[in-house]
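First comes the structure, then the notes that go with it.
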Amino acid sequence: MTPSMLPTPEVTNPYLQSWFPLSLSDSALFPALLSSSLTHYKVNHLLTGDLPAPFGMGDESLTLGASYKETVKAINAAMQDPVRVTSDATILAVLMTIEKPFMPGSKDWSQESPFQAPLRRLQWLNVHGAREPNLDHQTGLCRLIQLRGGLHNIRLPGVAAAIFYRVLVNSTLTLSPPPIPFFSLSGTMTELLKADHVHSWDATAIHFGPLCELGLTPDLADVYEQLAGYTRIIKRFVDGGTVNFGRQAMCDQRNLIQYRLMTLPPAVCLIDVSPVYEACRIAAIIYSIGVTFPLPGVGAPFAALLQSLKAEIQQNELDGPWSTSPHGVRLLLWVLTMGGIAATDTAEQQWFVETASRVAPGSLVPEWRETRNMLREFLWLDSACDMSGKQFWTQVYPLIGQSIETESQPTQLPHKNMSPCNQCKAKRIRCDKGVPCENCAKGGFRCSSQTLPTDKPARVHVFTVRGKPCKICKMRKLKCDKQNPCGRCVAGGWTCVYEHVASQRTATAGLSVSIGNRQ
1 MTPSMLPTPE VTNPYLQSWF PLSLSDSALF PALLSSSLTH YKVNHLLTGD LPAPFGMGDE
61 SLTLGASYKE TVKAINAAMQ DPVRVTSDAT ILAVLMTIEK PFMPGSKDWS QESPFQAPLR
121 RLQWLNVHGA REPNLDHQTG LCRLIQLRGG LHNIRLPGVA AAIFYRVLVN STLTLSPPPI
181 PFFSLSGTMT ELLKADHVHS WDATAIHFGP LCELGLTPDL ADVYEQLAGY TRIIKRFVDG
241 GTVNFGRQAM CDQRNLIQYR LMTLPPAVCL IDVSPVYEAC RIAAIIYSIG VTFPLPGVGA
301 PFAALLQSLK AEIQQNELDG PWSTSPHGVR LLLWVLTMGG IAATDTAEQQ WFVETASRVA
361 PGSLVPEWRE TRNMLREFLW LDSACDMSGK QFWTQVYPLI GQSIETESQP TQLPHKNMSP
421 CNQCKAKRIR CDKGVPCENC AKGGFRCSSQ TLPTDKPARV HVFTVRGKPC KICKMRKLKC
481 DKQNPCGRCV AGGWTCVYEH VASQRTATAG LSVSIGNRQ
């Protein structure tokens, strides 16, 4: 187990050379290692299917339950001994219990992450990321470390690094800040990155520093640069290029960046913070657990992150701080893309699709190659993000065209009306009921169908404030129903004319003459 989790330099295998020999003389550590190893093996079997089942389905609950019960009983006994309570063996035994031993049957263990990230098994992240944290035991472990005086006082090889790593995984799963400081595999607690590990931004399309003007804090911008730098390292590794440092440095680099990301405070803990900050912080976490610190789909907290990201974007105006510069619009599109990828195969994705289509500028070229170049300005790894990212934008592109058409035609008029226009009715000629109708278009008249609300009854006159009778009924002093034509004119075979229609005829006739003269 430990060669993948603890590639430490001082020993080849801490588990075999230090932990297991010590457990043979410690009544708490032995059952703890046994219980944790059985659970680890079982989860690995469920995730990959490569290993034979450790025990039959009927024996699973009995075996794991008995082993875990014996472990808790032995640890409680060690806690009563003042000599053993803060010993390396007791602390390591408690570490083995900060993940729950049972695997819920309701979990879909075949669920894949929407990101196709490499290095998913580095430090057994695929296994530890699929187990459920036991936060009560983790709190007790942190208390024991305080009593011991800190991680640096634990002498058993590999234990301090293992504690930090597994607590970091639990903090990422629960989206909470790590309760203990950073500790590297080499046994140091420094948070400084070596100069040759820091990515040079000279060749990138955009610096994250200027995005502080949009609302990113310097700490968040710094984490973005570190994530992008580590992404470059992963890409070089995947492409078969030369990486200037070994596996241990890769683990330390990844863990330190994830630690810094998870220690960033949420917006509610800051004063006068921009609305852009929280959305970008959440999007960075989505990217990290999808690409740089890849959690398995069965354990990754994408659902909680999507809910928070959606609420954050809905709460703040899309045309606010985001629209202050072209960088802001592209940054928002990247944030929405992270949400859209994380929401793959869920009902939430449609909201991200529709929002991205409204945000995308009309000048955006609906081609994936161009869109990917824009996304690469921020955090992007082709091998991990391309598949789901392309699927997301394939849904966005058609809606962008609809949005542009809607903006160019703010008032959507029907292609056909239910009744003829007023001009054609007054002239008693056949109307094609178009918008505008063919007769009005040829004659240069303003067709009433262009201003007639579509929800009005077909026989209601366009001038809804008509209160006077038609000229025929007025002249004969008869009651007029004020329809067009009115009932009495229809019955008598007369031409029904209202005063405003007559005046409109005079005006349009003059217009026809003037148009004819110009032609």
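In terms of full-length UniProt numbering, the sequence shown opens at residue 1 and continues consecutively. Note that the Cβ used here is the ideal one computed from N, Cα and C, for glycine as well. Keep in mind it's a predicted model, so treat the numbers as computed, not measured.
Using only alpha-carbon positions, find the residue among the options that is nearest to residue i.
i      : options                           : result
Ile180 : Phe164, Asn439 and Leu38          : Phe164
Gly339 : Arg260, Arg281, Lys69 and Gln253  : Arg281
Thr346 : Arg358, Ala283 and Ala304         : Ala304
Leu295 : Phe102, Pro177 and Gly129         : Gly129
Ser36  : Lys73, Leu46 and Lys100           : Lys100
Pro326 : Leu364, Thr344, Trp351 and Gln350 : Leu364
Gly229 : Asn44, Gly209 and Gln253          : Gln253
Trp334 : Arg372, Gln350, Gln314 and Val298 : Arg372
Ile75  : Thr86, Leu64 and Val94            : Val94
Ser27  : Ala66, Gly49, Pro14 and Thr71     : Thr71
Phe102 : Lys427, Pro177 and Leu46          : Leu46
Pro178 : Thr139, Pro31, Gly209 and Val223  : Thr139
Gly320 : Ser308, Ser448, Ser274 and Ala343 : Ser274
Ser323 : Leu270, Leu34, Gly215 and Leu38   : Gly215
Arg330 : Gln314, Gln307 and Gly362         : Gly362
His137 : Pro485, Tyr68 and Arg369          : Tyr68
Gly65  : Arg84, Pro31 and Gly49            : Pro31
Cys251 : Leu175, Trp124, Glu132 and Gln315 : Trp124
Ala267 : Leu22, Ser110 and Glu312          : Glu312
Pro301 : Gln111, Gln314 and Pro82          : Gln111
Trp393 : Gln350, Gly434, Ser25 and Pro82   : Gln350
Ile341 : Gly328, Val291 and Glu370         : Val291
Put residue i into one of helix, strand or coil per three-state DSSP.
i      : result
Pro104 : coil
Pro133 : strand
Glu377 : coil
Glu213 : helix
Glu112 : coil
Glu278 : helix
Val462 : For Val462, the predicted structure reports a pLDDT of 36, less than 50, and the residue's modelled location is therefore unreliable. A value from the coordinates is still provided. Here Val462 sits in coil by DSSP.
Glu367 : coil
Glu348 : coil
CB-CB under 8 Å to residue i, same chain, minus the five flanking residues each way: which ones, in chain order?
i      : result
Ser18  : Val11, Leu156, Pro157 and Gly158
Lys474 : Lys468 and Cys480
Pro410 : The predicted model places Pro410 with a pLDDT of 44, which falls under 50 and marks its position as unreliable; any figure quoted below should be read in that light. Around Pro410: no qualifying Cβ.
Leu220 : Leu264, Tyr277, Cys280, Arg281 and Ala284
Asn517 : Bear in mind that the predicted position of Asn517 carries a pLDDT of just 42, short of 50, making it unreliable; the figure below should be weighed with that in mind. Result list for Asn517: empty, nothing under 8 Å.
Val497 : Ala426, Cys470, Lys471 and Ile472
Asp196 : Reliability of the predicted coordinates at Asp196 is poor, the pLDDT of 39 falling under 50, and the value obtained from them is presented with this limitation in mind. Counting only Cβ-Cβ distances below 8 Å, and skipping sequence neighbours, we find Asn244 and Phe245.
Ala77  : Ser27 and Ala28
Val223 : Ile257, Arg260, Leu261, Leu264 and Ala284
Ser176 : Met262
Checking 8 Å against the spacing of the C-beta atoms, do residue i and residue j come in under that value?
i      : j      : result
Ile98  : Arg166 : yes
Phe352 : Thr172 : no
Val169 : Val43  : no
Thr337 : Tyr277 : no
Leu144 : Thr86  : yes
Lys310 : Glu348 : yes
Gln248 : Ser308 : no
Thr495 : Cys486 : no
Ala343 : Leu318 : no
Ser34  : Phe20  : Inspection of the sequence shows that residue 34 is occupied by Leu rather than by Ser. Going by C-beta atoms, Leu34 is not nearer than 8 Å to Phe20.
Pro133 : Thr174 : yes
Can you give me the Cβ contacts of residue i inside the same chain, cut-off strictly under 7 Å, excluding the 5 residues immediately before and after it?
i      : result
Ile154 : Asp88, Ile91, Arg148 and Ala160
Lys235 : Leu381
Asp432 : Glu438
Gln395 : Val353
Met79  : Val85
Closer than 7 Å: is that where the CB of residue i sits relative to any heavy atom of the ligand NAD?
i      : result
Pro485 : Of ligands this structure carries none, so the ligand NAD is not represented either.
Looking only at its chain, what residues have a beta carbon closer than 6 Å to the beta carbon of residue i, apart from the 5 residues adjacent to it on each side?
i      : result
Ile400 : Ser357 and Ala360
Gln226 : Ile257
Lys107 : Val298
Asp39  : A small correction: the amino acid at residue 39 is Thr; Asp does not occupy that position in the sequence shown. Within the same chain, Thr39 has close Cβ partners Pro101.
Leu332 : Trp322 and Val359
Meets three-Cβ-pair contact criterion under 8 Å: the segment 343 to 359 and the segment 257 to 277: no
Three or more C-beta pairs below 8 Å linking the segment 106 to 117 and the segment 377 to 395: Contact check between the segment 106 to 117 and the segment 377 to 395: three or more CB pairs, one atom from each, fall below 8 Å, which counts as touching.
Inter-stretch contact (C-beta, 8 Å, three-pair minimum) for the segment 423 to 439 and the segment 368 to 378: Of all C-beta pairs linking the segment 423 to 439 to the segment 368 to 378, fewer than three are shorter than 8 Å, placing the two stretches out of contact.
At least 3 beta-carbon pairs within less than 8 Å: the segment 235 to 246 vs the segment 283 to 301: no
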